[in-house]
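Here the structure comes first, spelled out in structure tokens, and everything after it is commentary.
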Amino acid sequence: MSRPVAPLFEPFTFNGLTLPNRIVMAPMTRSKSPGGVPGADVAAYYRRRAEAECGLIITEGTTVNTPVATSDPNVPQFWGEDALKGWKRVVEEVHDVGGKIMPQLWHTGMTRNPAKST
Numbered sequence: 016m017s018r019p020v021a022p023l024f025e026p027f028t029f030n031g032l033t034l035p036n037r038i039v040m041a042p043m044t045r046s047k048s049p050g051g052v053p054g055a056d057v058a059a060y061y062r063r064r065a066e067a068e069c070g071l072i073i074t075e076g077t078t079v080n081t082p083v084a085t086s087d088p089n090v091p092q093f094w095g096e097d098a099l100k101g102w103k104r105v106v107e108e109v110h111d112v113g114g115k116i117m118p119q120l121w122h123t124g125m126t127r128n129p130a131k132s133t
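Going by the numbering used here, the letters in the sequence shown line up with residues 16 to 133, in that order.
If you want it as structure tokens, here you go:
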């Protein structure tokens, strides 16, 4: 039995949040945020995805506030003044073109660098 794909491209509302369609961009680790701070290039990257009319963008993994959350210094943080200013810019760029975005909170667990366990 075939099913129409039209609903994929129709708006979707859940708990008061309306998405323009049901296409969701899954998180993809990029490691492009030196010192954990997303810059202009990260904002431009997510803006381009919003311009392509992705219904919801889930960001790459963003680390939580603990030294063992990641061993990669280029993974963006979701804490600290500088990192949150960077994310503010990302969100503004996405919202400027009508996009919706949410973070993936991330702790790499046992893959972290044991030297940072102190």
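Here a beta-carbon is modelled for each residue, glycine too, at the ideal position from N, C-alpha and C. It should be emphasised that the depicted structure is a prediction, and the values quoted were computed from it without experimental measurement.
- A direct Cα-to-Cα measurement between L34 and G50 gives close to 32 Å.
- Inter-segment contact for the region 108–118 and the region 60–75 is present: three or more beta-carbon pairs are separated by less than 8 Å.
- Remark: C-beta atoms of R64 and M40 approach each other more closely than 8 Å.
- Secondary structure at P82: coil, using DSSP grouped into helix, strand and coil.
- Cβ contact annotation for E108 (same chain, cutoff 6 Å, sequence separation greater than five): A58 and R62, in chain order.
- Shown here, P42 sits in coil according to DSSP, grouped into three states, outside any helix or strand.
- Taking each of G101, N36 and W102 in turn and checking the Cα distance to A21, the smallest one comes out for N36.
- Close CB contacts of F29 within its chain, under the 8 Å cut and outside five residues either way in sequence, are absent.
- The beta carbons of A98 and P53 sit closer together than 8 Å.
- The Cβ neighbour count for S48, taken over all protein chains shown within 10 Å, is at least 16; the residue is labelled buried.
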